[in-house]
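Scroll down for the structure; my scribbles are underneath it.
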Amino acid sequence: MSHEQRLAELGITLPEVAAPVAAYVPAVQTGRYVYTSGQLPFTAGTLAATGKVGEGEGLVSPDDAAGYARICALNALAAVRSVTGSLDAVSRIVKVVGFVASDPAFTGQPGVINGASTVLGEIFGDAGLHARSAVGVAVLPLDAPVEVELVVELA
0 MSHEQRLAEL GITLPEVAAP VAAYVPAVQT GRYVYTSGQL PFTAGTLAAT GKVGEGEGLV
60 SPDDAAGYAR ICALNALAAV RSVTGSLDAV SRIVKVVGFV ASDPAFTGQP GVINGASTVL
120 GEIFGDAGLH ARSAVGVAVL PLDAPVEVEL VVELA
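With numbering that gives the first Met the number 0 applied, the sequence shown closes on residue 154, and no number is skipped along the way.
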């Protein structure tokens, strides 16, 4: 089954490529690799949430943040598709880098970025297994709770 067919089977429709919020492009292909810029959890052009991730009132819950990381990963795949024409060109997901705008007491960044890793595994199977970093940061662009970037190898 192709990656595009798997998306359809899962009922996933990739969004339009998110417009850059500064001076960069969403993805660049060099040789057999595509590098995406950091993708925020935009849905239909609107940031899905803002704020810091953590436990407590006024914070984005880790479960919600994992859902936002999933959105970021899908936005990154849309950026990949924009330069390759199809996700069927992907031979594997090489690396995921996830940033979590974290309350100072929050240490669950890996669980948040699992939202991105899990959906990549659902779509690509073994080709979705990847190296990864999950980093807590003080703030992200537009006060987003999470940001994800990918490195993808092409066939």
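Note that the Cβ used here is the ideal one computed from N, Cα and C, for glycine as well.
Q) Does the distance from the C-beta atom of Ser132 to that of Gly97 stay below 8 Å? A) The answer is yes: Cβ separation under 8 Å.
Q: Please say whether Ala77 and Leu13 have beta carbons closer to each other than 8 Å?
A: yes
Q: Tell me, to the nearest whole angstrom, how far the beta carbon of Gln38 is from that of Ala17; I am working on the premise that it is less than 8 Å.
A: Contact between Gln38 and Ala17 holds, with the beta-carbon distance rounding to 6 Å and staying under 8 Å.
Q: Could you work out which residue in Gly57, Val93, Ala47 and Arg91 is closest to Asn74 when comparing CA atoms only?
A: Ala47
(Q) With H, G and I counted as helix, E and B as strand and the rest as coil, what does DSSP make of Glu148? (A) strand
Q. When DSSP builds the beta bridges, which residues end up paired with Lys94?
A. Ala130 and Val150
Q: Below 8 Å CB to CB, which residues in the same chain sit around Phe41 once its five sequence neighbours on both sides are set aside?
A: Pro14, Ala17, Ala47, Ile70 and Asn74
Q) Does the beta-carbon of Asp142 have 16 or more other beta-carbons within 10 angstroms, so that it is buried, or is it exposed? A) exposed
Q.
Which of the three DSSP states is assigned to Ser85 in this structure?
A. coil
Q: Select from Asp125, Gly30, Thr106 and Val20 the residue whose C-alpha is nearest the C-alpha of Val82.
A: It is Gly30.
**Q.** Where Ser1 falls: helix, strand or coil (DSSP)
**A.** coil
Q. Going by the C-beta, is Val24 closer than 7 Å to any heavy atom of the ligand ADP?
A. Of ligands this structure carries none, so the ligand ADP is not represented either.
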